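What follows is a set of notes on a single structure, which appears directly below.
In mature numbering (1 follows the signal peptide of the UniProt record, and there is no 0), the protein residues as written are -25 to -1, 1 to 580.
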């Protein structure tokens, strides 16, 4: 391929021109085999430390045919051809959702950010760069890949790719049969990854050094893709931020009912799957995307991944358990993996679902919650999982998550509610997935990170809110402390993307030891760079509670043993590897709450 840029003596002048005005940015031409010429822009980037560079940016490249007509509610079809030279100069429309931004069903695009190390790129690049493919979050309901990847590409000297995929009903509606199988958004992601694998070499990237990453729904997507057997060899590493595949999938009966509710709202005949799908294919996409369906159950959203017998042969929660199941996890174990959790992930569930519960009781949650709301949260959480609400089980959870020094204080009850949701929905699933990934695995590495930066916006909340670290991955530049922390994240991430080891080749602040089932090493990042340390057995007591103690309570309750007393539980659980008990398999619930994207650099939602 050929990228046309000024020669070296002109580079300084080019930087000056870019700094003064972006409209004079130099165009960049890339010739992609079987596609043709793609035209992007060479854009300048200046990091807070004064480093200045150039990034070639290609925006809005289609990877699939527009999913319209008969392709609506169907797997994506690869883009047949582009009108070349294709002008990849601006982001394409976002996929349909409840938003005021420009959107279209013709939204299945990729964006590519190529650092100056590859400029100008000549044919047959001798040293292609590692590639990071970003899958955005947004509860599978909203969001887009329209991010600014220039800082990470420049700092890490990697190629960054972001993608769009179908969302909401257009991405996940199902009739539970062949008329509409669902999970189209996940198939979109897979086709985008295939596009990257096939074409990234033309942009100076290494197709054998691809890492996928994502936050929240993007984190769930990353782990779904890493478990999909047909993806073997498609990418080499993964970074799952604030979300992984261990979750109770959308209830299949409810998934079909949501489809019927939507069809009735749009005046469609619901006598058969065929009539529903045929009618919905005739409707305007905005009518489908903007209909707001009320949840049919607690801690539930209408549209999301579901078991379909195709993308998912079975529920990932049946494959990834502790104690481990007999499932074949060879595909995901062939990849290096990073699992990340923030200390107060449950704050996103608190702000959405707990607020609703409180409102039903004519209460607020601004300064915490009442004991009544706390109890309702536990009851709703159990019922949403179809778990027993036996008094002994509820008593055990209440006992574990009550601050007995101040049990009736709304602030401490609010913190306890967030802690409960964080552990059960986010943290413990990460530990279980990490254990399964590391168990008997001498070929690839597992890394676990806990981010505990205290937020400034809510005085009583301890721990970082849902995906609060996301902005640091993309080069947060608010002040010197933020930039220093951002450099830490970008160094770990770019090292891992290149080598599978977050500590090499660039020097790091603290050695991040790999996770194993004996010591369970993890990296803790707390507030700023001075609060970075390594540890073992993160939150061991709470992990033991969910994976060992509570399953024992359930067994006793099922056998009508009335003598299980949570007060007899050992007060501390810092069991060493040799004495960690192995509990019965515990189903873990995912809540993916709808949140608002807060700018192109803060996309970990």
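Each residue gets a CB set at the ideal place from its N, CA and C atoms; glycine is no exception. Computed from a predicted structure; not experimentally measured.
Assignment of residue 86 by DSSP, reduced to helix, strand and coil, places it in the strand class.
The C-alpha of residue 231 lies about 28 angstroms from the C-alpha of residue 75. DSSP, reduced to helix, strand and coil, places residue 221 outside both helices and strands of the structure shown, so it counts as coil.
Counting other Cβ atoms within 10 Å of its Cβ, residue 454 stays below 16 and is therefore classed as exposed. DSSP lists 498 as the beta-bridge partner residues of residue 509. The way I'd put it, the region 360 to 369 doesn't touch the region 308 to 316; fewer than three beta-carbon pairs between them come closer than 8 angstroms. The region 138 to 145 and the region 68 to 83 touch, with three or more beta-carbon pairs separated by less than 8 angstroms.
Under DSSP, no beta-bridge partner is assigned to residue 154. The DSSP-derived three-state label of residue 65 is coil. Contact check for residue 28 against residue 129 passes: the beta carbons are separated by less than 8 angstroms. Looking at the backbone, the Cα of residue 451 and that of residue 246 are separated by about 52 angstroms. Judged by DSSP secondary structure, residue 28 falls within the beta strand (DSSP E) whose first and last residues are 27 to 37. Ranked by how close their Cα comes to the Cα of residue 120, the residues 105, 147, 149 and 86 have 86 in first place. In chain order, 306 and 309 place their CB closer than 8 angstroms to the CB of residue 207, counting only its own chain and leaving out the 5 sequence neighbours on each side. Looking at the DSSP output, residue 425 bridges to 316 and 499. For residue 179, the closest C-alpha among the options 343, 457, 107 and 533 is that of 107. Contact between the region 499 to 509 and the region 331 to 345 is absent, with fewer than three C-beta pairs closer than 8 angstroms. Counted as a single uninterrupted DSSP element, the stretch harbouring residue 266 is not any beta strand (DSSP E), since DSSP gives it neither H nor E.
Separation of residue 302 and residue 262 (C-alpha to C-alpha, rounded to the nearest whole angstrom) is 41 angstroms. The region 208 to 217 makes contact with the region 172 to 192, as at least three CB pairs between them are under 8 angstroms. In this model, residue 4 and residue 123 are separated by some 20 angstroms (Cα to Cα). As the crow flies, the alpha-carbon of residue 300 is around 48 angstroms from that of residue 23. Residue 283 sits in coil when the DSSP states are folded into three classes, being neither helix nor strand. Residue range 134 to 138 is occupied by the beta strand (DSSP E) that includes residue 137. Residue 257 is bridged by DSSP to nothing; it lacks a bridge partner. Under the three-state reduction of DSSP output, residue 310 falls in the coil class, being neither helix nor strand. Distance check between residue 524 and each of 396, 36 and 370 places 370 closest, using alpha-carbon atoms only. Assignment of beta-bridge partners to residue 104 by DSSP yields 180. Remark: fewer than three beta-carbon pairs, one from each stretch, lie closer than 8 angstroms, so the region 476 to 488 and the region 256 to 272 are not flagged as touching.
In the three-state scheme derived from DSSP, where H, G and I count as helix and E and B as strand, residue 19 is classed as strand. No Cβ-Cβ contact shorter than 8 angstroms links residue 201 with residue 218. With a cutoff of 8 angstroms on beta-carbon distance, residue 387 and residue 381 are scored as near each other. It is roughly 43 angstroms from the alpha-carbon of residue 150 to the alpha-carbon of residue 467. If you draw a 10 Å sphere on the C-beta of residue 117, you find 16 or more other C-beta atoms in it, and that means buried.
One Cα belongs to residue 516, the other to residue 81, and the distance between them is close to 49 angstroms. Its chain contains 63, 65, 66 and 86 as the residues whose beta carbon lies nearer than 6 angstroms to that of residue 34, once the 5 sequence neighbours on both sides are disregarded; these appear in chain order.
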